[in-house]
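S.K.:
So, in structure tokens, the structure goes:
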């Protein structure tokens with residue numbers, strides 16, 4: 001399984017080379033075989049007798065972080081969606097993206113996403129899952145910003161990134177809590193220890209953390225605002241990431257962990273409530289959209305809300321319906337996105353106000369859209385899969401678990417009505433989408449291009465998806481026992497009874513609810529001119545986008561304010577800040593950890609008169625450097641310090657150092673005197689008292705720090721000297737009697753080589769600094 | 001002896017920092033020179049001072065001063081020399097081009 005997950009990522013490495021051939025062969029043709037291969041690999045597992053598979057590949061065993069891949073029914077469903085829709089989307093993109101686009105980038109991002117998404121749904125290890133999870137956010141960010149010359153693309157990309165990464169981090173917190181409580185990083189072992197998790201008392205916190213991750217990823221209210229803006233991505237991406245797969249990662253997460261949470265009544269309350277609000281609000285808002293992809297974006301949000309709500313219900317029937325709808329939604333929504341892409345491609349606009357009467361120009365696309373929209377609306381025809389899952393949804397809403405909690409029981413009462421209410425608007429926007437584009441008056445003069453039917457290559461992918469809609473519609477039990485039931489078992493973590501899916505149930509509540517939806521839906525659709533004014537009242541000017549924009553702007557302004565307050569361009573200020581922080585932190589750490597407490601006056605050498613004399617001269621000279629205002633004197637006084645050091649080296653029995661210091665000091669003096677001629681005369685330090693005091697404080701702080709740290713280090717006896725090694729082996733290994741020299745040229749020869757390199761670079765820089773000036777003067 | 005040298009190193013650091021915080025280029029360079037002197041002394045002290053003869057092998061000698069800090073300092077002396085020369089030439093170019101050796105006046109127009 002690890003190959004299936006990582007192959008797209010590995011193949012992405014070759015894309016830059018393959019994309020060089022794009023004038024001859026569209027890069028997508030190479031890519032096509034990757035998802036197709038994965039799809040064929042996994043489709044073998046479909047069947048009544050499927051049993052979960054488990055493969056582990058060690059990665060960081062010491063931290064319990066391993067590639068532990070677990071394929072159960074739920075994972076299988078997602079893997080097939082990812083690879084299956086992936087194949088169709090890549091095929092579609094071959095016709096959608098012209099060769100002049102940056103195909104290399106596109107397919108690298110897409111393959112990166114494919115690996116990440118497969119990793120999310122197959123990982124049993126929570127940290128590997130988290131890693132792949134964030135990788136999906138990143139690839140989604142890159143794909144939304146694919147046309148990065150557009151301002152809206154960049155805005156949408158950033159928005160999706162900020163919201164989903166915020167959720168991802170929160171989820172990470174929840175996963176860490178779970179790991180700490182259960183002592184395992186495997187999701188399955190966590191599920192086995194439900195009692196431990198419940199008794200720990202952290203369950204509410206874990207629930208909030210993990211649900212934040214799931215809700216942001218699956219665009220649940222009020223985090224749904226990123227998805228409509230994500231429609232700036234190329235349409236194949238919208239069909240793939242932002243409808244069929246990535247946005248369902250949140251659903252997957254809730255499904256995966258619901259076996260733990262389902263015992264907790266707030267799971268039902270929060271997930272059902274958020275799901276159902278998302279369903280109602282997004283379908284209500286979808287009717288107002290004018291951009292075709294905007295309609296589909298809000299519709300996706302609302303369908304995700306519906307699936308989320310069903311997972312929240314937690315009953316066996318609801319979970320079954322949720323899984324079934326995941327599959328159905330991918331088929332009809334995928335095809336609708338592709339049709340929207342075709343319309344955009346062939347007419348030059350996606351604005352539904354400019355479109356109309358396209359039926360005669362694009363009969364194939366119209367037929368595909370007809371099936372897609374009617375299936376989405378849940379129109380009761382036996383060949384539309386959307387109807388079946390919608391019926392199962394209605395049925396689930398009327399058969400909720402009894403609840404003792406007051407809020408929960410109120411919710412149980414309200415959910416069926418809200419479900420019908422939301423579905424009515426689903427019906428309205430579905431009809432609006434189809435009839436608004438394909439029927440009505442033709443407005444050819446408004447279209448940038450003369451409309452015509454799309455090339456057959458572009459139609460193949462949506463045709464396959466629509467065939468899926470019809471096939472599942474006609475023979476729902478084809479996927480039922482072999483796939484859906486196993487997926488439901490994966491969520492429930494125990495065997496689920498086989499449910500036969502029929503078209504005709506009789507006049508039971510779900511069918512009546514469907515009829516209400518269709519009836520009221522038709523009326524609302526026909527009269528929508530008269531009631532759309534309601535959008536001026538609700539939501540009116542209110543929008544979560546404004547909250548988001550304001551939040552982002554405030555954070556921006558806040559950090560810009562802080563940065564501007566110290567990034568003044570004054571190097572002196574930067575230096576002072578750095579030194580101040582060094583002083584404060586070093587002293588704080590040394591005092592809190594008792595670093596200065598071991599100071600002893602043992603083990604010290606005698607001090608001679610000569611030593612004191614030299615040191616006094618050097619101290620005097622060093623202090624003089626501050627007060628001298630004549631540059632020649634300043635250079636000479638600095639020289640005194642330097643030569644003093646070389647005498648000290650003699651006294652401290654370091655002959656090599658003394659010699660080197662002497663030579664270097666002499667050459668430095670010469671250099672200083674050369675530069676002396678060119679540098680301006682020193683001025684008196686006319687700084688304010690406050691500046692002087694700050695400087696003095698910093699200088700004394702650093703000086704004291706160095707002395708004290710040095711004394712503390714000298715007093716410590718933690719480590720023995722390692723120098724004996726050099727003394728013993730200098731002659732035997734290095735063949736020299738001067739140990740320091742042997743260390744330099746032999747034992748640390750590479751260091752010395754680099755040192756010479758540094759000098760060489762400095763020499764080159766100095767040479768060019770002088771040379772460039774001369775050339776300029778010559779001009 | 002060790003603590004005397006460390007105090008000297010501390011004073012060298014203090015004067016170095018005070019000079020580095022000035023505005024004129026020459027003072028800043030002098031500051032870096034003093035800073036490296038101080039650092040060398042600290043490193044040397046870490047190997048204890050005056051314990052035995054200079055580190056040149058001789059059959060009659062039984063104990064040597066610690067050779068490792070000396071080797072490190074030798075590298076460092078040469079590198080600081082490189083830095084000082086580069087800084088000198090750089091500041092002389094900068095002062096010539098900008099007609100000033102005051103750091104505050106070299107900031108440029110936009111201090112974003």
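Protein chains in written order, with UniProt numbering: chain A, 1 to 779; chain B, 1 to 112. C-beta: ideal position from N, C-alpha, C; glycine also.
(1) Distance cutoff 7 Å, beta carbons only. Does residue 36 of chain B sit that close to anything in chain A?
(2) Under a three-way DSSP split, which group does residue 557 of chain A fall into?
(3) May I ask you to report which of helix, strand or coil DSSP gives residue 55 of chain A?
(4) DSSP three-state call for residue 9 of chain A: helix, strand or coil?
(5) In chain order, what residues of the same chain lie with their CB nearer than 7 Å to the CB of residue 33 of chain A, ignoring the 5 residues before and after it?
(6) Starting from residue 69 of chain A, follow the beta strand (DSSP E) in both directions and report where the run begins and ends.
(7) To the nearest angstrom, how far is it from the Cα of residue 212 of chain A to the Cα of residue 218 of chain A?
(8) To the nearest angstrom, how far is the alpha carbon of residue 60 of chain A from that of residue 66 of chain A?
(9) Can you find a CB in chain B that lies within less than 7 Å of the CB of residue 731 of chain A?
(10) Given that residue 91 of chain B touches chain A, what residues does it touch there, using C-beta distances under 8 Å?
(11) With 8 Å as the C-beta to C-beta threshold (strictly closer), list the residues of the region 714 to 728 of chain A near chain B in chain order.
(12) How close, in whole Å, do the beta carbons of residue 481 of chain A and residue 75 of chain A come, if the pair is a contact with beta carbons under 8 Å?
(13) Are three or more beta carbon pairs between the region 248 to 255 of chain A and the region 115 to 130 of chain A nearer than 8 Å?
(14) From the beta carbon of residue 653 of chain A, is the nearest beta carbon of chain B less than 7 Å away?
(15) Please list the partners that residue 84 of chain B has in chain A, where partner means a Cβ-to-Cβ separation under 8 Å.
(16) Counting only beta-carbon separations shorter than 7 Å, does residue 740 of chain A have a partner in chain B?
(17) When you compare only the Cα positions, how much space is there between residue 37 of chain B and residue 560 of chain A?
(18) Check the Cβ of residue 98 of chain B against every Cβ in chain A and list those closer than 8 Å, keeping chain order.
(19) Starting from residue 161 of chain A, follow the alpha helix (DSSP H) in both directions and report where the run begins and ends.
(20) Check whether the Cβ atoms of residue 72 of chain B and residue 29 of chain B lie closer than 7 Å to each other.
(21) When the cut-off is 7 Å and only beta carbons count, does residue 645 of chain A lie next to chain B?
(22) Comparing alpha-carbon positions, which option in A/130, A/496, A/81 and A/507 lies nearest residue 43 of chain A?
(23) Residue range of the alpha helix (DSSP H) that residue 364 of chain A falls in?
(24) Could you check what DSSP says for residue 498 of chain A in three-state terms: helix, strand or coil?
(25) Taking the alpha-carbon of residue 163 of chain A as reference, which of A/192, A/227 and A/199 has the nearest alpha-carbon?
(26) Do you know offhand how far residue 272 of chain A's Cα is from residue 98 of chain A's?
(27) Is residue 43 of chain B close to chain A? Criterion is C-beta to C-beta, closer than 7 Å.
(28) Tell me which residues share the same chain as residue 274 of chain A and place their Cβ nearer than 7 Å to its Cβ, disregarding the 5 neighbours each side in the sequence.
(29) DSSP three-state call for residue 728 of chain A: helix, strand or coil?
(30) Whole angstroms is fine: what's the gap from residue 13 of chain A's alpha carbon to residue 209 of chain A's?
(31) Answer yes if the region 142 to 156 of chain A comes into contact with the region 167 to 184 of chain A, meaning at least three C-beta pairs across the two stretches below 8 Å, and no otherwise.
(32) Give the DSSP bridge partners of residue 646 of chain A, in chain order.
(33) Any beta-carbon of chain A closer than 7 Å to the one on residue 33 of chain B?
(34) Would a C-beta distance cut-off of 7 Å place residue 1 of chain A and residue 54 of chain A closer than the cut-off?
(35) How big is the Cα-Cα spacing for residue 779 of chain A and residue 660 of chain A?
(36) How many Å lie between residue 112 of chain B and residue 9 of chain B at the Cα?
M.R.: So, to answer that:
(1) no
(2) helix
(3) strand
(4) helix
(5) none
(6) 65 to 71
(7) 10 Å
(8) 6 Å
(9) yes
(10) 675 and 679
(11) 714, 721, 722, 723, 726 and 727
(12) Not quite, the Cβ-Cβ distance comes to about 18 Å (not below 8 Å), so this is no contact.
(13) yes
(14) yes
(15) 668 and 671
(16) yes
(17) 40 Å
(18) Correct list: empty, because the minimum Cβ distance to chain A is about 11 Å.
(19) 151 to 182
(20) no
(21) yes
(22) A/81
(23) 363 to 377
(24) coil
(25) A/227
(26) 43 Å
(27) no
(28) 215, 220, 221 and 308
(29) helix
(30) 35 Å
(31) no
(32) Bridge partners of residue 646 of chain A: none, in fact.
(33) yes
(34) no
(35) Its pLDDT being 46, under 50, residue 779 of chain A is placed unreliably by the model, and the measurement read from it follows with that caveat. Cα-Cα distance, rounded: 41 Å.
(36) Note that residue 112 of chain B scores 42 on pLDDT, short of 50, meaning its location in the model is unreliable; the coordinates nonetheless yield the value given after this. If you take the alpha carbons of residue 112 of chain B and residue 9 of chain B, they lie about 37 Å apart.
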